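Residue numbers (the numbering used here): 1 to 161. Built from N, CA and C at the ideal position, the CB exists for glycine as well. From a predicted model like this one, the values you see are computed outputs, not experimental measurements. Data first, discussion second: the structure below is written as structure tokens.
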């Protein structure tokens with residue numbers, strides 16, 4: 001699996017942020033994810049946030065595990081606007097998705113949400129979750145070029161909610 005280029009990272013993350021904006025427009029928390037196939041071009045699936053338990057990344061990973069074989073998933077990339085929480089990282093791990101790309105860190109999300117009842121952020125980086133497993137999942141993020149674009153959806157949402 002070739003490492004993604006900086007242009008690919010930004011392109012993928014902007015697409016995920018559009019999904020997050022759609023989730024927000026539908027009344028959900030502003031998180032978005034997509035699954036890029038082994039060719040680095042084909043978007044196999046997209047998913048916006050559903051609710052506090054069905055995060056975009058976890059729903060996508062569970063459905064991807066149902067639809068695709070382990071070899072395909074290991075060579076695919078989960079792209080998400082915000083660093084996967086420990087639940088989502090665990091779901092990605094068990095789904096056998098070999099790479100994750102995220103735009104904004106979980107720590108930055110915590111700074112934006114504070115102690116919000118709808119998003120009691122767990123400050124546990126996905127790299128730490130993956131380091132406890134037996135699979136070498138590749139992690140790219142945060143990506144500075146899109147971090148402010150992603151933060152913009154969250155800033156007002158959590159303040160006004």
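Query, Result
"From this set, 69, 151, 54, 159, which residue's C-alpha is nearest residue 102's C-alpha?", "151"
"Taking the C-alpha atoms as reference points, what is the distance between residue 74 and residue 158?", "34 angstroms"
"Counting pairs of Cβ atoms below 8 angstroms between the segment 111-118 and the segment 72-87, do you hit three or more?", "no"
"Report yes if the C-beta distance between residue 34 and residue 15 is below 7 angstroms; otherwise report no.", "yes"
"So, are the CB atoms of residue 109 and residue 82 less than 7 angstroms apart?", "yes"
"So what's residue 90 in DSSP terms, helix, strand or just coil?", "helix"
"For residue 59, does the three-state DSSP call read helix, strand or coil?", "helix"
"In the DSSP assignment, the alpha helix (DSSP H) including residue 138 goes from what residue to what residue?", "Unbroken run through residue 138 is the beta strand (DSSP E), 138-140; no alpha helix (DSSP H)."
"Please work out which residues of its chain come closer than 8 angstroms, Cβ to Cβ, to residue 20, disregarding the five sequence neighbours upstream and downstream, and give them in chain order.", "30, 31, 32, 48, 49, 56, 81, 150, 153"
"Using only CA atoms, which one of 146, 125, 2, 156 lies nearest to residue 88?", "125"
"Nearest CA to the CA of residue 107: which residue from 134, 96, 86, 90?", "86"
"What are the uninterrupted segments assigned as beta strand (DSSP E) that are 3 or more residues long and contained completely in the segment 76-123, given in chain order?", "77-82, 99-104"
"Does the Cβ-Cβ distance between residue 91 and residue 64 come in under 7 angstroms?", "no"
"Can you tell me which residues form a DSSP beta bridge with residue 36?", "43, 77"
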